[in-house]
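Residue numbers (the working numbering): 5 to 150. Glycine included, each C-beta is placed from N, C-alpha and C at the ideal position. Following: one structure in structure tokens, then a few remarks.
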Amino acid sequence: MVKVYASSAIDAPAERVWSQIRDFNSLPKWHPAVRDSQVESGLPPDQVGCVRNFTLKDGGKFREKLLTLSDYDYSYSYSILESPLGVRNYVATLKVTPITDGNRAFVEWTAEFDCEPQRERELAELIGNAVFQGGFDALKRQFAGH
């Protein structure tokens, strides 16, 4: 099993960062790689069990299921149902924690998955850098100067 972890500090209160990412269907609003997204079956985007179906700007299509969502912990977990990545048993968690010194936010994104052994390093780097850190960098830009 491959484990990926990325973290970052964002110069905005945790509540504001959480309000930006909480909506499971909001990826196009804050992640630069995502072109569009919709929640299937007309379910609300914060209902555990809902499935988001999104397309990357490069044309890749994903389906992900919301497994948990906690407004108390500012976190949610999801699994990948379908993707072009070639991953299996993929479960990820995105979490925001307040940094009380300076009223900033500490964000963490973790994932565990299985894949073909020869692709472990490639996929870990892609997910950790392009997906996770790419999202954090975009959030930092959005909150810069606020």
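query	result
Option in Glu112, Tyr94, Ala96, Leu71 with minimal Cα separation from Pro102	Glu112
Where the alpha helix (DSSP H) through Leu127 begins and ends	124-129
Inter-residue Cα distance where the pair is Val49 and Val135	Per the sequence shown, the amino acid found at residue 49 is Pro instead of Val. Taking the straight line from one Cα to the other gives about 20 Å.
Those runs of the beta strand (DSSP E) which lie wholly inside the stretch 29-55 and span at least 3 residues	38-43
Start and end residues, alpha helix (DSSP H) containing Val91	Note, Val91: premise wrong, no alpha helix (DSSP H); not H, not E.
Residue from Val6, Leu143, Trp34 with nearest C-alpha to Leu60	Trp34
For Leu85 and Lys69, believed in contact at Cβ under 8 Å, the rounded distance	6 Å
Coil, strand or helix - Asp27 by DSSP	coil
Supposed close pair Val43, Cys54 - CB separation, criterion 8 Å	5 Å
Rounded separation between Thr104 and Ala148 - CA only	18 Å
Straight-line Cα distance separating Gln122 from Arg26	34 Å
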